[in-house]
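Notes to accompany the following structure.
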Amino acid sequence: MSRVNNESLKMGELAGYVISYGQDPAEMSESIRIDSAATMEYTVSNLDSGTWYFTIQAEDVDGLISEPAGIVSKQIRG
Numbered sequence: 020m021s022r023v024n025n026e027s028l029k030m031g032e033l034a035g036y037v038i039s040y041g042q043d044p045a046e047m048s049e050s051i052r053i054d055s056a057a058t059m060e061y062t063v064s065n066l067d068s069g070t071w072y073f074t075i076q077a078e079d080v081d082g083l084i085s086e087p088a089g090i091v092s093k094q095i096r097g
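Under the working numbering, think of the first position of the sequence shown as 20, with each following residue one higher.
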């Protein structure tokens, strides 16, 4: 994992993650903060039917947040 300036980010410097999501990939208005770098999975519950888009950002111990990762999508059927 590396910082925006391409410097290496050590696991000890990683504080957690921010997951952003929504039904419009241009405006993911919902977010969840994960305050543990050890968390390797998270389930977003209670999503309405339709296509949902997600991205994730890493946060370091200084509160600096990375650029969003590539957007992924999931179709929820009712």
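We put the CB at the ideal spot given by N, CA and C, even for glycine.
- In the DSSP assignment, residue 70 forms a beta bridge with 94.
- Taking C-beta atoms as the reference points, residue 49 and residue 40 count as a pair closer than 8 angstroms.
- The beta carbons of residue 88 and residue 74 sit about 6 angstroms from each other, so the pair counts as a contact at 8 angstroms.
- Between the C-alpha atoms of residue 94 and residue 42 there is a straight-line separation of about 10 angstroms.
- In the DSSP assignment, residue 33 falls within the beta strand (DSSP E) that extends over 33-41.
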